[in-house]
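Input: a single structure, listed below in structure tokens.
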Amino acid sequence: MPESSMIGNRIRERRVMNGMRQSELARRVGISPSYLNLIEHNRRRIGGKTLLGIADALEVEPALLSEGAEATLIHGLREAAGTQAAQGVETRRAEEFAGRFPGWARLLVDLHGRAEALQRTVETLTDRLAHDPHLADSLHEVISTVTAIRSTSSILVETEALEPEWQNRFHRNIDEDSRRLAEGAESLVRYLEGAANTEAEIKSPQYELLAFLSANGFHFPALEGGAGSRVAQTIVAQAEALVSDAARRLALDALEQYRADATRLPLERVLEEMRRDPAPERLAQVFDCDLPTVFRRIAALPESEAGLVGLVSCDASGALIFRRPFPRFAMPRDAGACALWPLFQVLGQPQVPVRVRLRQAGRGQETVLALAAAEQLAPATFERPALMRAHMLILPDRSDRGESAGGGPGDALVRDVGVSCRICPLRGCAARREPSIVADGF
Amino acid sequence: MGRRVLLIEDEPNIIEAVSFILSRDGWDVKTHSNGHDAIDAVRARRPDLVILDVMLPGKSGFDILHEIRSDSELSGMPVLMLTARGQVKDRELAEQSGVNRFMTKPFSNADVLEVVRSMVAS
Numbered sequence: 001m002p003e004s005s006m007i008g009n010r011i012r013e014r015r016v017m018n019g020m021r022q023s024e025l026a027r028r029v030g031i032s033p034s035y036l037n038l039i040e041h042n043r044r045r046i047g048g049k050t051l052l053g054i055a056d057a058l059e060v061e062p063a064l065l066s067e068g069a070e071a072t073l074i075h076g077l078r079e080a081a082g083t084q085a086a087q088g089v090e091t092r093r094a095e096e097f098a099g100r101f102p103g104w105a106r107l108l109v110d111l112h113g114r115a116e117a118l119q120r121t122v123e124t125l126t127d128r129l130a131h132d133p134h135l136a137d138s139l140h141e142v143i144s145t146v147t148a149i150r151s152t153s154s155i156l157v158e159t160e161a162l163e164p165e166w167q168n169r170f171h172r173n174i175d176e177d178s179r180r181l182a183e184g185a186e187s188l189v190r191y192l193e194g195a196a197n198t199e200a201e202i203k204s205p206q207y208e209l210l211a212f213l214s215a216n217g218f219h220f221p222a223l224e225g226g227a228g229s230r231v232a233q234t235i236v237a238q239a240e241a242l243v244s245d246a247a248r249r250l251a252l253d254a255l256e257q258y259r260a261d262a263t264r265l266p267l268e269r270v271l272e273e274m275r276r277d278p279a280p281e282r283l284a285q286v287f288d289c290d291l292p293t294v295f296r297r298i299a300a301l302p303e304s305e306a307g308l309v310g311l312v313s314c315d316a317s318g319a320l321i322f323r324r325p326f327p328r329f330a331m332p333r334d335a336g337a338c339a340l341w342p343l344f345q346v347l348g349q350p351q352v353p354v355r356v357r358l359r360q361a362g363r364g365q366e367t368v369l370a371l372a373a374a375e376q377l378a379p380a381t382f383e384r385p386a387l388m389r390a391h392m393l394i395l396p397d398r399s400d401r402g403e404s405a406g407g408g409p410g411d412a413l414v415r416d417v418g419v420s421c422r423i424c425p426l427r428g429c430a431a432r433r434e435p436s437i438v439a440d441g442f
Numbered sequence: 001m002g003r004r005v006l007l008i009e010d011e012p013n014i015i016e017a018v019s020f021i022l023s024r025d026g027w028d029v030k031t032h033s034n035g036h037d038a039i040d041a042v043r044a045r046r047p048d049l050v051i052l053d054v055m056l057p058g059k060s061g062f063d064i065l066h067e068i069r070s071d072s073e074l075s076g077m078p079v080l081m082l083t084a085r086g087q088v089k090d091r092e093l094a095e096q097s098g099v100n101r102f103m104t105k106p107f108s109n110a111d112v113l114e115v116v117r118s119m120v121a122s
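Chains W and Z are the protein sequences, given in the same order. With the working numbering applied, the first sequence has no gaps in its numbers, which climb one by one up to 442 at the end. With the working numbering applied, the second sequence has no gaps in its numbers, which climb one by one up to 122 at the end.
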């Protein structure tokens, strides 16, 4: 059977492996179950958007469906080579390598995947070290105790003819401090062990808000269709992820914004228009609203309808105040994001939205599509500047698969960006504000 | 009576150790252990040198340093910061706030003595 006619079998195998019903997959992709049935029995040719949609819904690379496991291996090798392009890897011979040494090739791809996972762990831990107040306090406690021990023990060793009372006193202090140090170190280890499960460690109102929104998939069906503010209050009151009053206030604000956006862009109509053409600027025209409203609305749709979507928002200080994570684009927790993100670019040009393909350092050649726009929350007065907020919508980049990224002339350009300077390996970056532990050989 | 040092630090055993080594070196050491009224202690004691921790209960060492530099009668007072926060940005913030010297914990007693002597001599 020719290669192309096997696509249906692979789709069926993967769907069954994922425990998904045919009707569910068809619904997610936006095709009829009977059409999907024909595809799965290799009675319809498939490609383009439908193949990409199915691959997205099944969470696999399209190449795995269209070309099989060997093609995926070759794709993995090319991705691994992409991160080492400067070292002269023979990427053109990836196919030959995979064919002659499939075991070694799989090992290489596997190691590359692990290196990427470790990179993300480093990013998470570094971000915590820089911004986590609990960790900062714990480290401060440990260092203070070490300081007391060092200073006291030096006195005991270096002071000649130290009076017995002082000796006893300093011995007691060292004993006391060594116990504190042991407790502090144990507590720190317990805390760092918990870092592996980053979502389980919630330490600030913003983290609580993110956990709350994530737990709900960023979508609240009860707030669709003109729900009153009492519904939002009930959702917040019943949310287990919201522990602090500050987080509950933040959540209430977020849900009020959600309610306003849902009123302006009703769910059924948005979905209908998105099926017709999901370009945000077109939706803004259709619904007569600004781009930030459309961005927020798209990021509040269920993933089964909108596909993969990320959104990050900041205020004029650059502090990140909202994040809907995107699996292939890392975002720091609070602040200190890469200055090259278009998110910050639009703060200085609120009337001009930006669309650009981004390639984030440390993630091979993979790109995402970023759409950024700023809004003014309140005009300037003589006492203070205008209150600005910027938003960046992140979508899968399909321009390298032969699909338009939205028709803009800048589609072909790719901007290299990082996560934050501390963990960014980009060399010679004009926007760098501090040295990188990665570039320095961490 | 030796020259006067005011040690503003909240860790009791560090207070005891630093007080001991400075006293043995001939300094008249007074201590204060919280941030919120530290500036009152500086005004009352009028020391020749202030040794200041950064993370204090009530008010940060950076804020206290700013208060010292903003007071016309205290603005010239030498200040040595001793802190566990040794990041570049903390050092820069301390320098912008007008600190004379900056030392990170853990420190050696000999280094502290040397720096204190040099600061007051100069």
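Every residue gets a Cβ at the ideal spot worked out from N, C-alpha and C, and that includes glycine.
To which residues does DSSP link residue i through a beta bridge?
i               : result
A370 of chain W : W:V356, W:I394
M103 of chain Z : Z:L82
A323 of chain W : Residue identity differs from the one stated: residue 323 of chain W is Arg in this sequence, not Ala. Beta-bridge pairing links R323 of chain W to W:V312.
L6 of chain Z   : Z:K30, Z:V50
E375 of chain W : W:R389
Pick helix, strand or coil for residue i, following the three-state DSSP scheme.
i               : result
F344 of chain W : helix
R433 of chain W : coil
F329 of chain W : strand
V60 of chain W  : coil
V414 of chain W : strand
H41 of chain W  : coil
M6 of chain W   : helix
D25 of chain Z  : coil
S317 of chain W : coil
A136 of chain W : helix
R384 of chain W : coil
A200 of chain W : Note on A200 of chain W: pLDDT 44, under 50, position unreliable in the model; no value is reported.
H219 of chain W : coil
Q167 of chain W : helix
A161 of chain W : coil
R12 of chain W  : helix
K59 of chain Z  : coil
V286 of chain W : helix
P278 of chain W : coil
Is residue j closer than 8 Å to residue i when the C-beta atoms are compared?
i               : j               : result
L58 of chain W  : R93 of chain W  : no
A247 of chain W : L301 of chain W : no
S244 of chain W : A84 of chain Z  : no
V309 of chain W : L393 of chain W : yes
L291 of chain W : A316 of chain W : no
L80 of chain Z  : V115 of chain Z : yes
A71 of chain W  : H112 of chain W : no
N443 of chain W : N42 of chain W  : Chain W is shown from 1 up to 442; residue 443 of chain W falls before or after that span and cannot be answered.
D10 of chain Z  : L56 of chain Z  : yes
A330 of chain W : R120 of chain W : yes
E67 of chain Z  : I39 of chain Z  : yes
V42 of chain Z  : V5 of chain Z   : no
C424 of chain W : A361 of chain W : yes
R45 of chain Z  : W27 of chain Z  : no
Compare the Cα-Cα distances from residue i to each of the options and report the closest residue.
i               : options                        : result
L343 of chain W : W:L125, W:G428, W:N9, W:G418   : W:G418
G98 of chain Z  : Z:D111, Z:V5, Z:V50, Z:F20     : Z:V50
R28 of chain W  : W:A55, W:A299, W:E160, W:D290  : W:A55
A370 of chain W : W:R328, W:R264, W:L252         : W:R328
H461 of chain W : W:L188, W:L320, W:L255         : With chain W covering only 1 through 442, there is no way to say anything about residue 461 of chain W.
R117 of chain Z : Z:L65, Z:P78, Z:A38            : Z:P78
A262 of chain W : W:H219, W:S304, W:T234         : W:H219
T138 of chain W : W:T152, W:E163, W:L181, W:G103 : The question names Thr, but residue 138 of chain W in the sequence shown is Ser. Among W:T152, W:E163, W:L181, W:G103, the Cα nearest to that of S138 of chain W belongs to W:L181.
E158 of chain W : Z:A17, Z:I8, Z:V5, Z:N100      : Z:A17
M388 of chain W : W:R415, W:T367, W:W341, W:C314 : W:C314
E268 of chain W : W:A279, W:A306, W:A337         : W:A306
V257 of chain W : W:E224, W:A239, W:E160         : First, the amino acid is wrong: residue 257 of chain W is Gln here, not Val. Among W:E224, W:A239, W:E160, the Cα nearest to that of Q257 of chain W is on W:E224.
D397 of chain W : W:E95, W:R355, W:A136          : W:R355
L265 of chain W : W:Q360, W:A251, W:R249, W:V286 : W:V286
N34 of chain Z  : Z:N13, Z:G61, Z:A44, Z:M119    : Z:G61
Using beta carbons (cut-off 8 Å, strictly below), is residue i in contact with chain A?
i              : result
N18 of chain W : Reference to chain A is not applicable here, since the protein chains of this structure are W and Z.
By the 7 Å beta-carbon criterion, what residues does the segment 236-269 of chain W contribute toward chain Z? none
Please name the residues in the segment 139-151 of chain W whose beta-carbon is closer than 9 Å to at least one beta-carbon of chain Z, in chain order. So the list reads L139, H140, E141, V142, I143, S144, T145, V146, T147, A148, I149, R150, S151, given in the order they occur along the chain.
So if I threshold CB-CB distances at 8 Å, which residues from the segment 11-44 of chain Z count as touching chain W? Against chain W - using a Cβ distance shorter than 8 Å - the residues of the segment 11-44 of chain Z are E11, N13, I14, E16, A17, V18, F20, I21, R24.
Mind listing which residues of the segment 154-165 of chain W have their C-beta closer than 9 Å to chain Z's C-betas, in chain order? The residues in question are S154, I155, E158, T159.
Using a beta-carbon distance cut-off of less than 9 Å, what residues from the segment 102-117 of chain Z approach chain W? T104, K105, P106, F107, S108, N109, A110, V112
Check each residue of the segment 176-190 of chain W: if its Cβ is closer than 8 Å to any Cβ of chain Z, include it; give the result in chain order. E176, D177
Could you please tell me which residues of the segment 206-235 of chain W, in chain order, have their CB closer than 8 Å to any CB of chain Z? none
In chain order, what residues of the segment 50-71 of chain Z put their CB closer than 8 Å to some CB of chain W? M55
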